[in-house]
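Presented below is the structure to which this report refers.
There are 2 protein chains.
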Amino acid sequence: MRLSRYFMPTLREAPSDAQIVSHQLMLRAGMIRQEAAGIYAWLPLGLKVLKKIEQVVREEMDRAGAIEVLMPTLQLADLWRESGRYDDYGEEMLRIKDRHERDLLYGPTAEEVITDIFRAYIKSYKDLPKNLYNIQWKFRDERRPRFGVMRGREFLMKDAYSFDIDEAAARRAYNRMFCAYLNVYARLGLKAIPVRADTGPIGGDLSHEFIILADTGESQVFAHRDLVEMGAPGPDIDWDGDLEPLVQQRTRLYAASDEMHDQARFETEAPEDKRMTARGIEVGHIFYFGEKYSRPMNAKVAGPDGAERFVHMGSYGVGVSRLVGAIIEASHDEAGIVWPDSVAPFGAAVVNLRPGEAAVDAVAEQAYGALQAAGKEPLLDDRDERPGAKFASLDLVGVPWQLIVGPKGVAEGVVEIKRRATGERQTLPLDAALKAITA
Amino acid sequence: MRLSRYFMPTLREAPSDAQIVSHQLMLRAGMIRQEAAGIYAWLPLGLKVLKKIEQVVREEMDRAGAIEVLMPTLQLADLWRESGRYDDYGEEMLRIKDRHERDLLYGPTAEEVITDIFRAYIKSYKDLPKNLYNIQWKFRDERRPRFGVMRGREFLMKDAYSFDIDEAAARRAYNRMFCAYLNVYARLGLKAIPVRADTGPIGGDLSHEFIILADTGESQVFAHRDLVEMGAPGPDIDWDGDLEPLVQQRTRLYAASDEMHDQARFETEAPEDKRMTARGIEVGHIFYFGEKYSRPMNAKVAGPDGAERFVHMGSYGVGVSRLVGAIIEASHDEAGIVWPDSVAPFGAAVVNLRPGEAAVDAVAEQAYGALQAAGKEPLLDDRDERPGAKFASLDLVGVPWQLIVGPKGVAEGVVEIKRRATGERQTLPLDAALKAITA
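Residue numbers (UniProt numbering), protein chains in the order written: chain G, 1 to 439; chain W, 1 to 439.
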């Protein structure tokens with residue numbers, strides 16, 4: 001993409017009502033624009049990042065055996081009356097009447113819709129296990145939306161729903177998602193900690209939140225250091241096999257958010273030098289809830305014995321739009337955003353310091369073409385701007401590599417490359433520079 | 001994808017309220033499920049096709065220089081009050097009040113939002129031309145939604161908006177979209193005819209609808225046969241150059257839908273053997289509307305002389321979800337859907353006629369692996385079903401190729417391939433079969 005033709009409206013100052021750093025940087029980098037309280041338009045740069053995160057989530061869901069569907073944003077109130085949640089949900093549910101005065105709502109989640117789909121088609125244990133997910137815009141009418149996309153009203157969510165014949169099978173489904181979630185966060189360059197979450201009236205230990213570490217995070221997290229350093233299970237585990245050991249290996253180590261923290265237990269279970277206290281952001285929540293929806297909504301399958309039983313369900317959510325903000329909270333510096341390569345809007349930027357000067361243009365175009373061919377989705381800064389302004393805006397938007405082409409270097413047969421994350425610079429012949437970036 | 005693990009709930013009979021063939025086939029093929037009147041969930045097969053169409057549209061928009069953004073589904077009523085359309089829009093607009101009693105609406109289109117974004121950031125002719133598009137769910141509260149996704153209430157639309165300094169530049173933007181639209185339809189395997197559309201009070205000749213030919217189409221179209229046979233301009237035209245000749249070459253040939261048809265002119269402009277009358281479906285609409293929104297919403301840029309002027313705008317819509325139905329209307333037979341390769345949910349299906357028989361399984365797995373490696377996104381029918389049931393459901397869902405592996409063929413070292421579109425069958429060694437499918 002040539003920056004002279006692009007639409008990347010960077011701002012020198014963030015509006016004063018942006019309180020947290022990710023919100024400030026997303027506005028300054030021209031990633032989003034607020035359309036109403038908690039409702040954002042995604043400008044080109046923001047949309048690119050959003051789509052990359054979405055794609056990582058999709059690939060890891062697919063790998064774990066989940067199947068993608070797409071549920072509509074608007075849902076019938078009647079389904080929620082059937083589950084009993086319509087009246088309970090309160091003011092966060094955006095209730096809508098259509099022209100025929102029928103009650104609709106903008107889905108804040110989709111347990112009812114997916115259970116309705118399931119019961120319409122799936123009648124036998126032979127069709128289980130099933131895990132259906134979708135990545136769709138949702139709406140929660142927060143009383144006080146804030147922190148940009150971190151607590152918006154219209155937000156993009158990946159929600160998966162598992163259906164199993166019994167609790168043991170449901171636990172296997174849960175374990176697959178537990179591992180898949182860790183893989184997602186690892187690919188996004190995040191350190192994620194699974195912490196036990198409150199399961200409310202359902203009980204049981206099958207609910208976890210995933211907290212990623214960020215100094216500017218909203219909540220406190222307490223964890224055994226080994227858990228933080230253990231890393232994700234990785235893509236090549238046996239997804240059809242027994243994942244319980246991988247899950248246990250992690251869940252037996254202490255980890256808790258403020259609400260669930262028990263200092264005495266922490267001190268018993270983790271030696272002092274292993275006790276880590278940090279700030280974090282919740283970016284995912286998985287839980288098993290058994291027959292909570294299948295029973296009132298009558299979602300049953302026939303077992304091997306021919307007798308019908310209610311399916312056991314779980315649900316698994318990742319805030320995709322929230323992750324854009326969370327990654328920035330976890331990865332930024334004074335100059336702006338520092339994108340992990342996996343979600344960077346552009347893999348590299350070619351900075352032409354003297355657009356219009358033929359020899360410089362030629363090298364810049366050559367570099368740009370080579371990076372395109374290598375699949376790095378480069379940005380070419382061909383704007384007629386001061387070098388300082390170019391560097392400042394590219395640092396701000398966080399492109400992982402800059403390849404800088406100026407008249408002096410061109411005369412000497414070299415270019416400069418800069419790694420955004422470290423600030424490290426090297427002066428190299430173009431070939432070597434391209435090799436370093438595409439390595 | 002292994003069919004035994006997939007979720008493709010095909011039905012023997014379509015519900016009786018599905019009146020048109022695409023709606024019937026989408027229900028029978030397990031592509032969609034109705035959630036409310038005119039509101040559908042997309043089941044895995046339907047979603048795959050929807051995403052492929054979306055991606056074709058995206059690629060052609062990008063190629064033509066448009067830049068993708070994403071506007072939220074909900075919009076502020078105040079913006080529509082500013083343009084003057086809030087009260088005019090009538091009952092098709094879904095009006096919503098949030099918990100603070102603020103007026104929102106579910107966007108049926110986005111001229112107001114995009115104009116607001118434009119005016120916030122773009123102040124100079126130097127930043128023009130700009131064409132910003134998005135692919136987002138929209139809502140029109142049709143009084144009587146019907147025909148499945150062809151006239152739904154919640155629908156996926158690609159809407160692009162061009163901004164130019166004057167009418168001449170706006171016409172160039174229009175021409176780029178005119179050519180891009182023809183390229184989109186060609187890639188989707190459709191024969192599209194651009195017909196002049198009513199521009200209403202704005203006047204001028206700069207509005208076209210694109211009608212694709214389908215015997216079961218909703219409207220009549222009259223056209224010079226040469227136009228139908230001319231084909232699309234193709235991707236390699238000079239998008240920055242003068243596209244007027246390519247547009248003129250097409251628009252000078254007679255083409256009209258029923259509303260605009262003038263039989264006398266038709267007979268004057270097309271010799272009898274060139275007069276084609278056919279059924280068709282409207283799948284796109286582009287128009288130039290000058291200062292219609294920029295003036296009331298005060299979207300101005302400074303020209304080269306420093307004086308500010310209102311930008312000239314156009315908008316360009318493609319019904320992405322509607323296209324799923326339209327393609328089926330244009331391409332089906334007695335047995336079901338016949339997908340063009342470009343949007344087929346799976347590139348090929350490997351039909352294992354004897355799952356569990358080791359020699360047959362081995363060949364089926366080998367074929368499946370080879371097709372995966374070749375990027376054909378194959379489906380493996382490993383279900384424990386009668387061959388007839390397998391063929392019927394694969395014909396119904398319209399996978400372009402079937403590669404059939406049975407015990408007799410395996411013993412003889414051959415498999416059978418069948419091309420869905422023609423029914424043509426060949427018995428070949430596996431290598432040759434794979435070569436034919438991946439050619």
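For every residue, glycine included, the Cβ atom is placed at its ideal position computed from N, Cα and C.
{"query": "Within chain G, partners of W/MET26 - CB distance below 7 Å", "result": "Those do not exist, as W/MET26 stays about 14 Å from chain G at its closest Cβ, beyond 7 Å."}
{"query": "Cβ pair count under 8 Å reaching 3, the stretch 310 to 319 of chain W against the stretch 163 to 182 of chain W", "result": "yes"}
{"query": "Boundaries (first-last residue) of the alpha helix (DSSP H) holding G/SER83", "result": "77 to 83"}
{"query": "Candidates W/ASP98, W/ARG102, W/LEU94, W/ARG99, of which the one nearest G/ARG99 by Cα", "result": "W/LEU94"}
{"query": "According to DSSP, residues forming a beta bridge with G/ASP333", "result": "G/GLY336"}
{"query": "Proximity below 7 Å, CB of G/HIS224 to CB of G/LYS191", "result": "no"}
{"query": "Contact belief for W/MET157 with W/LYS138 at Cβ below 8 Å, rounded distance in angstroms", "result": "5 Å"}
{"query": "Own chain, CB closer than 6 Å to W/ARG187, minus 5 neighbours either side, in chain order", "result": "VAL56, SER342"}
{"query": "Alpha carbon of G/GLN372 to alpha carbon of G/ASP127, nearest angstrom", "result": "44 Å"}
{"query": "is_contact[W/GLU68, chain G] using C-beta, thresh 7 Å", "result": "yes"}
{"query": "W/VAL351 vs W/ASP381 beta-carbon contact at 7 Å", "result": "yes"}
{"query": "Span separating the alpha-carbon of G/LEU246 from that of G/PHE287", "result": "17 Å"}
{"query": "Option nearest G/LYS123 by Cα separation, candidates G/LYS300, G/VAL324, G/ARG12", "result": "G/LYS300"}
{"query": "Boundaries of the beta strand (DSSP E) in which G/PHE147 is found, first to last residue", "result": "Premise fails: G/PHE147 is in no beta strand (DSSP E) and is neither H nor E."}
{"query": "W/ALA362 versus G/GLU68: straight-line alpha-carbon distance, rounded", "result": "28 Å"}
{"query": "G/LEU403 vs W/LEU47 beta-carbon contact at 7 Å", "result": "no"}
{"query": "Those runs of the alpha helix (DSSP H) which lie wholly inside the stretch 56 to 144 of chain G and span at least 4 residues", "result": "77 to 83, 111 to 121"}
{"query": "Boundaries (first-last residue) of the beta strand (DSSP E) holding W/ARG196", "result": "192 to 196"}
{"query": "W/GLN248 to G/LEU74 span [Cα, whole Å]", "result": "43 Å"}
{"query": "Beta carbon proximity, G/LEU74 to chain W, threshold 7 Å", "result": "yes"}
{"query": "Rounded C-alpha distance that separates G/ILE211 from G/TYR161", "result": "21 Å"}
{"query": "G/ILE32 in three-state terms, based on DSSP", "result": "strand"}
{"query": "Three or more C-beta pairs below 8 Å linking the stretch 76 to 88 of chain G and the stretch 104 to 117 of chain G", "result": "yes"}
{"query": "Supposed close pair G/ASP215, G/LEU253 - CB separation, criterion 8 Å", "result": "Wrong, their Cβ atoms sit about 22 Å apart, outside the cutoff."}
{"query": "Close-in-space but distant-in-sequence residues of the same chain around W/ALA330 (CB under 7 Å, 5 per side omitted)", "result": "LEU190, ILE212, LEU213, ALA214"}
{"query": "CB-CB length for G/GLN426 against G/ALA439, believed under 8 Å", "result": "In fact, because the Cβ distance is near 12 Å, the residues do not count as touching under 8 Å."}
{"query": "Anticipated Cβ contact below 8 Å, G/GLY152 with G/ILE39, distance rounded", "result": "7 Å"}
{"query": "Residues sharing a beta bridge with G/GLN220, DSSP", "result": "G/ARG279"}
{"query": "Counterpart residues of W/ASP164 in DSSP-defined beta bridges", "result": "W/HIS312"}
{"query": "Neighbour list for W/GLU385 in chain G, Cβ cutoff strictly below 7 Å", "result": "Within 7 Å Cβ-Cβ: nothing; W/GLU385 doesn't reach chain G, min ~12 Å."}
{"query": "Interface residues of chain W facing G/PRO9 [CB-CB closer than 7 Å]", "result": "TYR121"}
{"query": "For G/TYR174, the three-state DSSP class (helix, strand or coil)", "result": "helix"}
{"query": "Members of the stretch 45 to 57 of chain W near chain G, C-beta cut-off 7 Å", "result": "LEU47"}
{"query": "Distance between G/ASP333 and G/TRP80 (C-alpha atoms, nearest Å)", "result": "45 Å"}
{"query": "G/GLY409 versus G/GLU416: straight-line alpha-carbon distance, rounded", "result": "8 Å"}
{"query": "N- and C-terminal bounds of the alpha helix (DSSP H) containing W/GLU244", "result": "244 to 251"}
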